[in-house]
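To keep things clear, I will list the structure first and then write my remarks on it.
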Amino acid sequence: MKISQKELDPRTRQQVFEAVWNRVNVSHFDPTFGGVNWPAMKKKYAPLVAKAKNNAELYTLLNQLIGELKQSHFSILPPEAYTMGDAVGKDERGEGSSGLTLGLIAGAPTVFAVAADSAAQQAGVLPGAQLEAIDGKPLTTLLARLTPEQLKSGFLPRALLNRAVGGNEGQKRVLALREPDGSTREVAVVLGAGPKKRDNVLPGFPPYPAELESKRLDGDIGYVRFSLFTALLMDDLRKAIKEHASAAGLILDLRGNPGGLAPVTYAIAGMLSQKPGTLGTMKQRTVTVQFPILPQAPRYAGPVAVLTDELSASCSEILAGGLQELKRAVVIGRKTPGMVLPSAIDKLPGGVRFQYAFADFKTPRGVLLEGKGVTPDIPVVLTPQSLRSLGDPDIAAARTYFQTQLEKK
């Protein structure tokens, strides 16, 4: 990525370091910092920051500092993360979209889904194909930057892969594909228009696509997918639940949804519940807050299947885990990343942002999801062959579940 941000002077670097350390010191929900000697961390990193020669070295040290906590939702966001750089879909043409959803199967980048009427679908790309290179550049080079732990988690590699296949609207990307039968081919994809609606779910956080898809599947099954827990989509969500009120089953697709605003989580749970309850408890250093379930219209009373994957984080995990424990829904798909901690963002000197967790979260039964994630009731293992034959194995599993429920009646 081309970076045009000016270098911070030594004094500003020290101010940024002090701000990060102090924020954790006063706001971390655990006064013991999970067993980390936080004052000692200041002594350890302060002289290293003083020797930092540039912004890159500073950001590396800051990420190492907060990495000592070994928790999610602690991250350093440099100013260039908010600028219109030229790496991925950020020039005057606007961000483009291929329509592909990528993931890893046995370490190989694979097409998990192809959006209807997308550039990739028009080019003939099908689920189950392995993506070996983009514009002649092997994706193994991209993945080589990650540690074994990051590759194992699934979250970061999937995020990087899906970003890599983007670009500018109208830009041509050449994809080298290996089909499930072993044959290879290249296809040219001209990127279409990107998401029309975006939202900053947290002040100071980069905007994220806000999209919702609602449709009725064969078998009288309602299907609702939304990309972000945002107030911008609440009217559409209510409309979708109302339209599917009489459906034999409802699929709530949280795959790829990184989370968002907690109140949206409450509202969705309320539209799926007939009695008050809680999705769990958020605990700060001195305050404990319930995530309430308040029944509200429109309401869906039938069986619910929640689809999850490695990118279903934060509010997605809270909703899926809570509904699962309350026996209101079954979870289908893959284990979530265990990145659940409620967080906020500070703007620091020099335009640097610092995302930090200020609370932990436990499910209704007191289970801490951070670092553990939500384990599906019905796990689905994806293969190139199942993706090609079924199109969407998770939805196929949900259909089977609903059919079983109908047969029990």
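Going left to right, the sequence shown walks through residues 35 to 443 as the numbering used here numbers them. All residues carry an ideal CB built from backbone N, CA and C; glycine is no exception.
Mind checking residue i: buried by the 16 CB within 10 Å criterion, or exposed?
i	result
Arg207	buried
Asn97	exposed
Met118	The pLDDT assigned to Met118 is 32, lower than 50, so where the model puts this residue is not dependable; a value taken from the coordinates is nonetheless given after this. Counting Cβ neighbours within 10 Å, Met118 comes out exposed, since fewer than 16 surround it.
Thr144	buried
Ser377	buried
Pro418	buried
Gly69	exposed
Thr174	exposed
Glu41	exposed
Gln358	buried
Ile37	The pLDDT assigned to Ile37 is 39, lower than 50, so where the model puts this residue is not dependable; a value taken from the coordinates is nonetheless given after this. Its Cβ having fewer than 16 others within 10 Å, Ile37 is exposed.
Asp151	exposed
Arg289	buried
Gly137	buried
Leu440	exposed
Ala432	buried
Ile255	buried
Glu126	Bear in mind that the predicted position of Glu126 carries a pLDDT of just 42, short of 50, making it too unreliable to give a figure here.
Ser131	buried
Asp169	exposed
Ala393	buried
Pro410	buried
Leu211	buried
Ile429	buried
Anyone know if the C-beta pair for residue i and residue j falls short of 9 Å?
i	j	result
Ile412	Ile366	yes
Thr264	Leu295	yes
Pro337	Tyr435	yes
Gly304	Ile285	no
Val148	Ala154	yes
Leu341	Pro398	no
Val408	Pro427	no
Glu344	Arg192	yes
Phe51	Leu103	no
Pro214	Leu421	yes
Phe260	Asp270	yes
Pro371	Ala354	no
Leu180	Ala198	no
Ala157	Val221	yes
Val386	Pro113	yes
Ile95	Leu111	The question names Ile, yet the displayed sequence has Leu at residue 95. The answer is no: Cβ separation not under 9 Å.
For my contact list, residue i and residue j are in at a C-beta cut-off of 8 Å; report their separation, rounded to the angstrom.
i	j	result
Thr135	Asn196	7 Å
Thr299	Leu313	7 Å
Lys276	Pro332	4 Å
Phe395	Leu375	7 Å
Pro165	Leu209	Contrary to the premise, residue 165 reads as Leu rather than Pro in this sequence. Their Cβ separation, rounded to whole angstroms, is 6 Å, which keeps Leu165 and Leu209 in contact under 8 Å.
Glu129	Gly200	7 Å
Ala363	Ala339	6 Å
Glu203	Gly162	Actually they do not touch by this definition, with Cβ atoms about 27 Å apart.
Ala244	Leu266	5 Å
Arg57	Asp380	6 Å
Closest by CA to residue i, which one among the options?
i	options	result
Ile352	Ala339, Asp64 and Met373	Met373
Gly101	Phe67, Ser131 and Leu267	Phe67
Thr320	Lys171, His62 and Leu403	His62
Ala274	Ala244, Pro243, Gly311 and Tyr334	Tyr334
Cys53	Asp64, Asn71, Pro65 and Lys76	For clarity, residue 53 is Ala in the given sequence; the question names Cys instead. Checking every option, the nearest Cα to that of Ala53 belongs to Lys76.
Arg368	Lys406, Asp380, Val401 and Pro229	Lys406
Gln49	Leu403, Gly384 and Ala430	Gly384
Arg232	Ala282, Ser109 and Leu262	Leu262
Gly133	Leu111, Pro112 and Val159	Val159
Arg388	Gly188, His107 and Lys85	The identity of residue 388 in the sequence shown is Phe, whereas the question assumes Arg. Cα-wise, what sits closest to Phe388 is His107.
Cys349	Pro292, Gln308, Leu402 and Gln330	Pro292
Phe325	Gly356, Lys309 and Gln308	Gly356
Lys317	Pro44, Pro241, Pro65 and Ala90	Pro65
Leu403	Thr315, Leu424 and Gly425	Thr315
Asn88	Asn71, His278 and Asp43	Asp43
Pro297	Met268, Ala84 and Pro310	Met268
Ala86	Trp55, Thr46, Trp72 and Ala74	Thr46
Gln330	Thr438, Asp287 and Arg272	Arg272
Val223	Gly311, Gln205, Asn71 and Gly216	Gln205
Determine which residues share a DSSP beta bridge with residue i and list them.
i	result
Ser131	Gly226
Phe395	Met316
Arg232	Pro243
Arg192	In DSSP, Arg192 forms no bridge with anything.
Tyr390	Ala378
Ile275	Bridge partners of Ile275: none, in fact.
Leu402	Lys396
Pro219	At residue 219 the sequence reads Arg, which differs from the Pro that was named. Answer by DSSP bridge pairing, in chain order: Leu211.
Pro413	Gly367
Arg259	Glu247 and Asp287
Gly294	Phe263
Phe325	Gly314
Thr144	Gly137 and Gln164
Ala339	Ile285 and Val364
Mind checking if residue i is an interface residue toward chain C, Cβ cutoff 9 Å exclusive?
i	result
Tyr79	The displayed structure is made up of one protein chain only, and chain C is not part of it.
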